[in-house]
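Novice:
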Amino acid sequence: MIHSICRSIRFWLAALLVMGAMIVGLRPVSAQATEPWNAADSVRRSLFTAEMSVLSGESGDVSQVNAAIDMYTHALKPQISAAAPDVAQTLDDALNAALSTTQKGDALGLAVARSQVWTGLVHGSTRVIMQAITSGDTTTADQWLQLRDFRTSTKFSRPGGDSLLALNALIAGQANATDTLATVRVDLLDTYQAKLNEALVNADNAQQQDFGQKQVEQSALAAGYFDLLTDPKLSTAFLTLRGQNGIAASQETFKALVTAALNRDAANYHTVRSQVDSALKDFRVAPLSDAEQVRRAGQLAQFVALVSVEYGRGVVNGKVIKDLEIQEALTFRDGANAAFSDLQTILDVRDPVATARVATLLSTLKTQIMATVDPSVVDSTVNDISKTLTTLYPASWQTLNSGSDFDVISSILDQIEPAVKQGMYAQAESARLQAYAILDSGIEQKLRGFAPDLAVRVESLFWQGDGKQVGLSVLIANNASPAEINAGLVALRTALTESQTFLGGAKTAPLAVAGNAAVIVFREGLEAVLILASLIASMRTVESKKFRRPVFFGAALALIVSGITWWVANSLLMSLIKYGEKLSVIVGLIAIGVLLLITNWFFHKTYWVGWMANFHKQKSRILGGTLVLGPSVGLILLGFTSIYREGFETVLFLQSLVLDSGITTVLLGVIMGLVATGIIGLIVFGLQVRLPAKQMLIVTGIFIGVVLLTMVGNTVHAAQSVGWLPITPIAGLYIPYWMGQWFGLFTTWQSVVLQFIAAAFVIGSYVLAERMNSQKRTQKGGKITQDTAERAPDTTTVAHHLQ
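All the letters of the sequence shown, read from the start, carry residue numbers 608 to 1410 under the numbering used here.
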């Protein structure tokens, strides 16, 4: 018995061990591990562990390298090989080198291989992403986009998320593949150029500090990023700048840099490093967009101005009285120099002499700060830079830019907490006032016009507080603790981030857009049903009933062509999406013009009398046999033209909504409108029920009027955002910004006045149409009375007739 129990225990223990081994064996190919970013991270960590084991003096941990190779082979290599076989070969070579150097205990060689593996992975990922977007495989693009590098966050630059936003827009139907591909390419390549420059700086610092391992690692990273940036399937920028021979020569230069680091040859390293700088001179892999150019230009101008302010506070009579101020002056100088570096190639084209002067003055400015010159000297240099930039900048760069304002405010707020930690509350208060002055000079005006709630919250957090959080002014005045100051800064930054998001891309509420689309489709569909019903109803005789089918066929054909028109219009719109808000303004103005026409009641009176009479006249000609094409073809054309006009108008109106909230949201509204129209059609044609057409047109006309006012408000808002209209907030008027998202209501004079004019036009046209109809009825009644009097002058008879 005991023996049997022991055998059972051994059996279950063995089974558990086998199951455990199976689970461990399956782990590398689990759902989580096969995510590209997770697999790449596993490869990276395994190689790092192997390098640490070699550095510790132990024999190299070959199992870690083998684990990295296994993970790469199963989870990453198939797709990288398909999209970038040359990169896959580089990765194979680098992983084999990692195995060999680990076996040899060569820590420096392993550092090179580890850097080559990582840059190879992001290189391969970039190629996979580009190919996936081109082929329309957004799922693969989304998965592999997570395997990437990000810029190191500083007070002047934050990690970019343009790629993710662009891809999400593509998935949502708000962008096309071509524009998404361009955005993703620019974001990724710009990031990797920043990582290349960062790796070179890190390698230089490591060389100065005699950190050989890090110097080798960073040099190899720089070489890997350079290979990525010069990949002709990703960018031809370096090829255009230096030519094919220049690429080959520069790649050899980077290899020489790695070799110099491996050999710990300082003299050769500096020589080759100078050659690297020469190779990279004037090279920018991803040209800045127009919006980014304006943003960097604003940063440059404001950071230069702030250098003078900070330095003037830190130096008195040739002595530094506040070290923190001098550090801030240097920081702003570096921020200005970074912004200038991004713009230098563009400015060179405009005026190379002036551009070179700005570069020299920025260098001089740093020298002056380090030498503790008199503040008046720094002021003179700053003024010289500012004047030169004013003449150098194109007009579009000198407009107010919220993006750069938010960047500068964030940079200034970064000064507050360090100052508080040193007990320098006066310095913290100075920074607070400085940040608020920039807010007050531009951003706050926009917020008061577009989002009063946010304007009040941001301002209150700068001053007294919002009831939930004590304001910075009170906290600093009361010498609050660093923790309390930090809480105030967190609340303020949150409000500023929300404000920047709102001003940068405020969209109408999705449900409001869907509702507007449904109203437009239903209104136009109702008119189409009524036109068709009128034509069909006139074919009552047995002989004419057979002609109803061609009319219905023409109407169905019009619906199909309307769908094709939608596709063409949307494709055209997506090809122009790069113009952003400006395109929204133009499309919005066109849609408003046509909406004003169809909400014009006087036009509708003419429409229902003249236009409908024209349809019936054409029908009579067709049935009368006066057309060469024959009755069937003629009736098909009649049915087509009567419905396609409504379809074309609908397509036009909806494009403005697509720009605002994307195709998915608009299609939801289209489906709702088509369902409602289908129900009306079933009632009219299937159940033969006569509907109160006039009353339905009036009710839907009122809804269309609301859509019109919303569209006017949103178009004015967009025009103000791009600087085509001024922003004049209405003092004392409070409208929650959710009403702007739902109904296009904003507290600016421009928005309110233009919406009032649109409403007055619609209501006025209704009053005018009713008055003209009343006059016609009166004239008609008078004519009848006169004719009756001539035929029967007896007043009794006339009175009887009128009764």
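Even glycine gets a Cβ: it sits at the ideal position worked out from N, Cα and C.
1. I need the straight-line Cα distance from Phe655 to Leu771, nearest angstrom please.
2. Is the beta carbon of Gly727 sitting closer than 8 Å to the one on Ala704?
3. Answer yes or no: does any C-beta atom of chain C fall closer than 8 Å to that of Met1379?
4. Would the region 1126 to 1138 and the region 1251 to 1258 be scored as touching if the rule is three or more Cβ pairs under 8 Å?
5. Using the three-state DSSP reduction, which class does Pro1336 fall into: helix, strand or coil?
6. So, Gly1351 versus Gly1320, is the Cβ gap smaller than 8 Å?
7. Check whether the Cβ atoms of Phe890 and Phe910 lie closer than 8 Å to each other.
8. Check the C-beta distance from Trp1356 over to Thr1335 and give it rounded, since I have them as a contact under 8 Å.
9. Kindly indicate which residue of Glu1091, Ser1018 and Gly1078 has the alpha-carbon position closest to the one of Lys1028.
10. Can Thr979 and Val1015 be called in contact, C-beta distance under 8 Å?
11. Looking at the secondary structure, which residues open and close the alpha helix (DSSP H) in which Trp751 lies?
12. Can you grab the Cα-Cα spacing for the pair Asn1093 / Gln1034, in whole Å?
13. Can you look up Thr971 in the DSSP assignment and give me helix, strand or coil?
14. Going along the chain, which residues of its own chain have a beta-carbon closer than 8 Å to the beta-carbon of Val1194, five neighbours each way excluded?
15. Which residues in the same chain as Arg734 place their Cβ atom closer than 6 Å to its Cβ, once the five residues preceding and following it in sequence are excluded?
16. If I follow the unbroken alpha helix (DSSP H) through Thr847, where does it start and stop?
17. Looking only at its own chain, which residues have a Cβ that is under 7 Å from the Cβ of Leu848, when we skip the five neighbours before and after it?
18. Within its chain, find whatever has a CB closer than 6 Å to the CB of Leu549; leave out the 5 residues flanking it on each side and keep chain order.
19. Would you call the CB atoms of Gln750 and Glu642 closer than 8 Å?
20. Check whether the Cβ atoms of Phe861 and Ala813 sit closer than 8 Å, and answer yes or no.
21. I want to know whether the region 943 to 957 touches the region 966 to 976 - three or more CB-CB distances under 8 Å.
22. Here's a check: name, in chain order, each residue in its chain whose Cβ is nearer than 8 Å to the Cβ of Leu1203, leaving out the five neighbours to either side.
23. Can you find the residues in the same chain that come closer than 6 Å, C-beta to C-beta, to Ala675, ignoring five residues on each side of it along the sequence?
24. Give a yes or no on whether the C-beta atoms belonging to Ser857 and Leu796 are separated by under 8 Å.
25. Where Val1065 and Asn1085 are concerned, what is the direct C-alpha to C-alpha distance, given to the nearest angstrom?
26. Would Gly1161 and Gly1246 be called neighbours here (beta carbons separated by less than 8 Å)?
27. Helix, strand or coil: which one does DSSP assign to Thr1248?
28. Who are the Cβ neighbours of Ser615 in its own chain at under 6 Å, not counting the five residues just before and after it?
29. Check the DSSP bridge columns for Val1077 and list the partner residues they point to.
30. Could you name the residues of the same chain whose beta carbon sits closer than 7 Å to that of Leu1183, not counting the 5 residues immediately before and after it, in chain order?
31. In whole angstroms, what separates the C-alpha of Leu1275 from that of Ala1121?
32. Which residue or residues does DSSP assign as beta-bridge partners of Val927?
33. Look at Ala936 and Leu996 and say whether their C-beta atoms are less than 8 Å apart.
34. Shortest alpha-carbon distance to Asn1123 belongs to which of Ala695, Ile1309 and Thr837?
35. If I measure Cβ to Cβ from Val1136 and keep anything under 7 Å in the same chain, skipping five residues before and after, which residues do I get?
36. Looking at Ala1326 and Val1192, is the spacing between their C-beta atoms short of 8 Å?
Specialist: With the structure as the only source:
1. 28 Å
2. no
3. In the structure shown, chain C cannot be found, because there is only a single protein chain.
4. Result yes; three or more Cβ-Cβ pairs closer than 8 Å.
5. strand
6. yes
7. no
8. Contact holds; Cβ gap of about 4 Å.
9. Glu1091
10. no
11. Thr745 to Trp751
12. Between Asn1093 and Gln1034, the C-alpha separation is close to 16 Å.
13. Of the three classes helix, strand and coil, the one that applies to Thr971 here is helix, per DSSP.
14. Leu1180, Gln1262, Ser1263 and Leu1266
15. Ala690 and Ala691
16. Where Thr847 is concerned, the enclosing alpha helix (DSSP H) stretches over Ala844 to Leu869.
17. Asp889 and Phe890
18. For residue 549 there is no data in the structure shown, the boundaries of the chain being 608 and 1410.
19. In terms of Cβ geometry, Gln750 and Glu642 form a close pair [threshold 8 Å].
20. no
21. yes
22. Close CB contacts of Leu1203 within its chain, under the 8 Å cut and outside five residues either way in sequence, are with Leu1315, Ala1365, Phe1368 and Val1369 (chain order).
23. If the five residues before and after Ala675 are omitted, its C-beta is found closer than 6 Å to the C-beta atoms of Val650, Ser653 and Leu654, all from its own chain and listed in chain order.
24. no
25. 20 Å
26. yes
27. Reduced to three states, the DSSP call for Thr1248 is helix.
28. Since pLDDT at Ser615 reaches only 46, below the 50 mark, its modelled position is unreliable, and the value read off the structure follows with that caveat. No residues qualify anywhere along the chain.
29. Gly1072
30. Leu1190, listed in sequence order.
31. 6 Å
32. Val922
33. no
34. Ile1309
35. Same-chain partners within the cutoff: Thr1284, Ile1287, Gly1288 and Val1291.
36. yes
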